[in-house]
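K.L.:
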Amino acid sequence: MRAAGLVPQRHLEDWGISGLNSSERMVDGEPVTTSIRLSRFYTVLRDPDDLDDPVDLRPLDADLRRMQAEETPDDLPDWMAWMRDRGRFPQLWEAVQTHVIGAGAADGEPGEVAPLLASHVDYVLHNAFREEHGLGDPTDHPWVRLAHRDDARPADVVVDGAVVPGGMVIDADAFVVGVGAPLADGRVVTAVVPRAHLDLITLELVADGPDEPAAPLAPRAGRRGAGS
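Residue numbers (the working numbering): 1169 to 1396.
#1: Compute the distance between the beta-carbons of A1330 and L1351, then report whether it is under 7 angstroms.
#2: Counting only the same chain and skipping the five closest in sequence on each side, list residues whose C-beta sits under 6 angstroms from that of E1372.
#3: For the beta strand (DSSP E) containing L1260, list its first residue and its last residue.
#4: Out of R1355, D1353, G1346 and G1354, point me to the one whose CA is closest to L1366's CA.
#5: Using a threshold of 7 angstroms, state whether the C-beta atoms of V1332 and H1267 are closer than that.
#6: Does R1252 come out as helix, strand or coil in the three-state DSSP assignment?
#7: State the beta-bridge partners of D1182 as determined by DSSP.
#8: Please report how far the alpha carbon of M1248 lies from the alpha carbon of I1338, in whole angstroms.
#9: Have a look at G1335 and F1209 and give me their C-alpha separation to the nearest angstrom.
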């Protein structure tokens, strides 16, 4: 299945397709897919030429610092070693989502950009910026909507090097910016990135990104990288 992404760029490592969610409803007693969402994450590298440069590293709590100081166990699966090494760096969590409207979608459920973009922004804020928005434990507090479809406004969104019709932006939040656009094949792509990294990121998209990590990080001394 094809998933959109950010344009390849120097300061980002594309993780490939990192998540898949689907929704279904019953039609004549049979489940049919109404929508599919593919997610894409990124590692942020301020100095990609020196992965041990302190400017690349994110603040670590005591547990993460201790884990990163330990040797990677020989029996640790490659994918876990890959993820473990990336814990040192800032990440763009759920940065790009590709929304595929399934054949089972009912009338009135088209792939409109504004509600999908608002939902994506809201999801990122609730999962990555809870403290900044004064939200407590999600198990103790009701859901508070932080982004709305009415926040979206028309914008020039670039996909595959050209501005596409129907692009939208949500830039009302202090911590993130979101853009979205319909694709020619009926998919919708949305992207949400923290403002703190905008100086490093080209907020342009490609309709088809890599399925697997596009630029794996070099393994550090004493650590085992993915595929080793």
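The beta carbon of each residue, even a glycine, is placed where N, CA and C say it ideally should be.
P.N.:
Let's see:
#1: no
#2: V1175 and V1326
#3: Q1259 to I1269
#4: G1346
#5: no
#6: helix
#7: Y1210
#8: 34 angstroms
#9: 21 angstroms
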